[in-house]
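Residue numbers (UniProt numbering), protein chains in the order written: chain A, 1 to 372; chain B, 1 to 280; chain C, 1 to 407.
Beneath this line is the structure, given in structure tokens, with notes to follow.
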Amino acid sequence: MKPSVEFRNISKSYDNQTLVIRDLNLSIERGEFLTLLGPSGSGKTTALMMLAGFEMPTTGEIFVEGQPYSALPAHKRDIGVVFQNYALFPHMSVAENIAFPLQVRGHGPKDLDRRVKAALDMVRLPEISARKPAQLSGGQQQRVALARALVYEPKIVLMDEPLGALDRQLREEMQIEIKSIHARVGVTFVYVTHDQGEALTMSDRVAIFRKGVIEQIADPQTLYDRPCNAFVATFIGDSNLLRGTIVGRGGGQATVAMPGGGTLDARAGDNGAGKDAYVSVRPEKIDVSAGCIDRGVGNILAGTVDKTVFFGDHVKVSIRLEGGQLLAVKTGTTEPYKNGQTVTASWRAEDCVAFTAPPTRDTAVVETTVQV
Amino acid sequence: MTQRAMTSALSLANRAALGIFGVMFCIYLLGPILAFIPMSFNDVALLHYPIERFSLRWYSNLVASSEWRLALLNSVVVATSATVLATILGVCAAFGLWRGRFRGHSIIMVVIMTPMIVPSVIGAISMYFSFAEIGMDYTYSALILAHTAMAAPIVVVTVSAVLARFDGNLLRAAASLGADPLLAFRKVTLPLIMPGVVSGAVFAFAISLDDVVVALFLAGPDQRTLPVQMYMRSTDLFDLATAAAAAMMFIVAVAMMIFLELLRRRDRLAPVAKAADSRR
Amino acid sequence: MPNIARDQARSERAAKFRALMLVVPILLFLLVVFIGPVVKLLSRSVDDRDVASALPQTAQALAEWRWGTPLPDAAYGAMVGDLRAASTPANLAPAAGRLNYSLPGMRALLMTTRTKLQALDRPEADPKSILISLSAKWAEPATWANIRQAAGPITDFYLLTAVDLKRDFDGSIARVPPSQSSFLPSIRTTFVIAFTVTLLAIVFGFPFAYLMASATERVAGIMMFVVLLPFLTATMVRILAWGILLGREGVINYGLLSSGLVDGPLDLLYNRTAVNIALLHIFVPYMILPLYSVMKTVPLSHMRAAASLGAPPFTAFRRVYLPQIAPGLAAGSLLVFIQCLGVFVVPAILGGAQEQGLPSLIAHYVNKTLNWGLAAALSVILLVSVYLVYWLFVTLTKSASLSLGTR
Ligand SMILES: Nc1ncnc2c1ncn2[C@@H]1O[C@H](COP(=O)(O)OP(=O)(O)OP(=O)(O)O)[C@@H](O)[C@H]1O
Ligand SMILES: [Mg+2]
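In structure tokens:
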């Protein structure tokens, strides 16, 4: 079966000087919920706009169900788009907005009514069809925009930060709503956000964008547990990044010497040849105990408590390691620690990864002149 | 809304003085017209205040005079035709300027603004001279074309002002939903900028109706418009038939004013700030 | 894949082209109906081809001649030839008219000489003595110098005349004696009126706009109505209203007389004050509307912030408020000023002889004397002034579009 969408060697430049998308290769399965996640300016919107037909790729070709799409004007693509500010037509009622794509396609009035009603039912807004967009709340507008993008059964639906303008509670409701609609209609969703929590809860797969390239594309669990580099590790969820020196390597494992003494065993995150190591370990994987005990399991580092911050369901303890680096630990609220108290932090070797490149490494050099 | 910058800096006495000035200036603005218009209802030819006997005598004189009747008809025909042409040209241009990010945008704007900048006498004699060369002086078409040229810039300016508040994403949305550019313009852009288009048309109509100078040169006796006829008669300031014609023009002004106010209330576009950054 | 890049460039160009196609109609239309004719008119201010086309041989014979040297004899023969070649007086009329502008008496000289020559038999035999016998003026070098200067194809005669200068026969530029000077005073009148009215519009329009911007919505609405109603009323109506108000038998004199304040009617009309008052009335909305629309956007907090930072009211006004409303002030002043420069009907109806400026002169030369060259030269001066002001505005505000501001 052909993938629903395929970006093949796509590059994009707005000014013929700087590449905002660099040699992008991406294929999206039919029915998949794919999220593009990345910092601001990383090219997520640009990728989406090229797929929707509002921007042309500078090089490369986009295929939809095997057909090259770059030359097709936006209005012939049959791709639904939900815009960040919804772009509901302010002079049309909700029903007219939703009916618009059907009218454009020449549907008869009977069919129209039925499908508009069905679409409104789907987004659970059956009673507001006569209202104008200005008379709706943010969440309602969002649903109407979704209904409008789905009513003509497009092959693909694109959403560019559709929940950006909503408050937190409404956001979470809508996340569940969108996910359940996706499950029901089963079309391909491509979703853009820079909220990592949103990306992890909703997606089948997440593509991490940075400076125009995909750093990693994987399902949320893999991304969280096995980030492919230090950038992904720190971008998804909280992560400590400890600096050290590689002293041994082999069998997918690396041994890292810490500047304050002691060594850590870690999975090797990449096969870089450098000596510098960046060891990533998530705060919730770390155990803390008072005093200097050597329990003999996995990695053990000693330090003093620098600061504790209370979060209600957990406490974050900041530990100053020997050698000066800070280590954040997420722990239960039972044991109170005093500042300056000596503690031991420990975690299993398989819970940490050693990378040879820092997260700030420029994997994509953005200031490249395009040869066209 | 009620308080603006500087209010706090002004003392009460200053504010009172400013208020008195405001009232006086309002009288200056409206007074002359309000004193003039009622005279057309005066029964006697000479100026008499207060008006003792009201009559429509001057209006019946006006309607009875074939010269005035023709002038009235000419004004209506010329202003309407010029408004239609100027609106079509102006809306297309404003939309094109909004869509394309041209390098020479401001040069194009300077060209479009020419008829607003060039003093009307110069425009008038230039067009008279050129139309005369091809034998088109003293024709309706020449007058209509000339008025179209003079009125088109205001349509561009007015429509550009509403387009600046029009969210370009709406057109992208329309395209993603399957509408081709023409359909998107008809169904989405046009309805939303309609108040601006109509205001532009009203201003265009007002410009054509207001013009004396161009019509003075381009119109022969058969094309004489109402203002030209009034100008011709202005040597006798106290011919009250002229006052009656003026009263009619004043009523048109009131109508346009009400119309513009209604349009303003119907404006459905968001204020500038909201949609500003979502364009492209 | 460079061909895709080319496709992209092409499709972007196509989109831009489509947008441009919407702008082209108005550009073409204005070019044909308005801008072309204006350029054509202006070109007449330097066009000087009538004489050379009516008197081709003479023009050629005089081409090498310089003032102060003896006239080439060939000139007389050429003149006789040219005059006899003109089969009707109409053939000679444009050239005769043109020569008459720069040297009075030339029209009559040419026309009578031509008539007399027609009656003579073989005048070519001794053209010099025949011409001089027909009129002593043919013996004067000035006559010939005038013809040579007008031999075209272009001239600075009209442009110089329009600023009261003339070119002497030896080619130097000289001032026209003040007794004959007629244009500089009109130009001065035009600018003085425009400056005065613009200044008045600022003095009265600024506080009025400020009042409007700080008033409650209801009061501001009423004030807007008071501004817009006269603005939308035809200018002719407003001019006549002022005529009726200020005339000898007008409303004000009627009031003054019947209340016994004066013995006879005052002459309120046909003077500078009447013109200024009416012009202010007509153009002050162009100042108020843009000012009001910028003033409404200046938040109160800015002036409060300035005060809290220690700025006294006037400093705060000058440093914080004025810069923010400057674009509105610039737009208003430009609109009022350039419209005053071109005003023609108001002085014609409400002003005296002293109030007739450049536009009236232009109309006069077109209507009465059909001196298109001079009308065109005066238009050049007027237009250059207007565009200088407009250019100043465009560079100051970085916007070419003139708008009254969105309400
Ligand atoms: N129309 C445009 N013209 C020129 N440059 C653009 C245009 N649109 C985007 N860019 C540039 O391209 C880069 C990528 O922008 P893009 O909008 O795709 O980022 P994004 O990942 O969507 O960011 P955000 O999360 O802030 O929305 C940015 O550097 C941006 O400045
Ligand atoms: Mg974006």
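Ideal placement from N, C-alpha and C gives every residue a C-beta, glycine not left out.
Residues of chain C with a CB under 7 angstroms from the CB of residue i: which are they?
i	result
residue 297/B	Outside the displayed range of chain B (1 to 280) lies residue 297/B, so it cannot be described from this structure.
residue 99/B	19
Helix, strand or coil for residue i? Go by DSSP, reduced to three states.
i	result
residue 11/A	strand
residue 153/B	helix
residue 220/C	helix
residue 232/B	helix
residue 239/C	helix
residue 16/A	coil
residue 160/A	strand
residue 229/A	coil
residue 58/A	coil
residue 6/A	strand
residue 259/C	coil
residue 278/A	strand
residue 134/B	coil
residue 370/A	Interpretation of residue 370/A is limited by its pLDDT of 32, a score under 50 that renders its predicted location unreliable; no figure is taken from the coordinates.
Closest to residue i by CA distance: which of the options is it?
i	options	result
residue 37/B	125/B, 56/B, 91/B	56/B
residue 100/A	248/B, 180/B, 195/B	180/B
residue 59/A	237/A, 108/A, 109/A, 7/A	7/A
residue 299/C	275/C, 250/C, 351/C, 213/C	213/C
residue 321/C	305/C, 91/C, 333/C	305/C
residue 48/C	101/C, 31/C, 75/C	101/C
residue 182/A	138/A, 309/A, 144/A, 150/A	150/A
residue 373/C	247/C, 385/C, 41/C, 172/C	41/C
residue 206/A	37/A, 27/A, 16/A	37/A
residue 238/A	192/A, 262/A, 147/A, 352/A	352/A
residue 366/C	41/B, 169/B, 127/B	127/B
residue 297/C	128/C, 325/C, 86/C	325/C
residue 129/C	73/C, 249/C, 155/C, 146/C	73/C
Below 6 angstroms, is the gap between the Cβ of residue i and the nearest heavy atom of ligand 2?
i	result
residue 45/A	yes
Considering only their Cβ atoms, is the gap separating residue j from residue i smaller than 7 angstroms?
i	j	result
residue 57/C	residue 81/C	yes
residue 100/B	residue 19/C	yes
residue 389/C	residue 337/C	yes
residue 20/A	residue 212/A	yes
residue 278/A	residue 230/A	yes
residue 104/A	residue 176/B	no
residue 209/C	residue 288/C	yes
residue 226/B	residue 85/B	no
residue 121/B	residue 344/C	yes
residue 260/B	residue 199/B	yes
residue 33/A	residue 180/A	no
So residue i contacts chain B; which residues on that side make the cut at Cβ distance below 8 angstroms?
i	result
residue 52/A	172, 176
Taking C-beta pairs closer than 9 angstroms, name the residues in chain A that residue i reaches, listed in chain order.
i	result
residue 164/B	Residues of chain A passing the Cβ test: none, with the nearest at roughly 16 angstroms.
residue 192/B	89, 90, 91
For a contact meaning CB atoms closer than 7 angstroms, what does residue i contact in chain B?
i	result
residue 379/C	122
residue 390/C	117
residue 375/C	125
Check whether the Cβ of residue i sits closer than 6 angstroms to any heavy atom of ligand 1, and report yes or no.
i	result
residue 41/A	yes
residue 152/A	no
residue 194/A	yes
residue 20/A	yes
residue 14/A	yes
List the residues of chain C whose Cβ lies closer than 8 angstroms to the Cβ of residue i, in chain order.
i	result
residue 28/B	281
So residue i contacts chain A; which residues on that side make the cut at Cβ distance below 7 angstroms?
i	result
residue 202/B	None at all; the shortest Cβ gap to chain A is about 20 angstroms.
residue 183/B	104
residue 179/B	75, 104
Name, please, each residue of chain C whose Cβ falls closer than 9 angstroms to the Cβ of residue i.
i	result
residue 102/B	16, 19, 20, 23
What does residue i reach in chain B if we use C-beta pairs closer than 9 angstroms?
i	result
residue 36/C	126, 130
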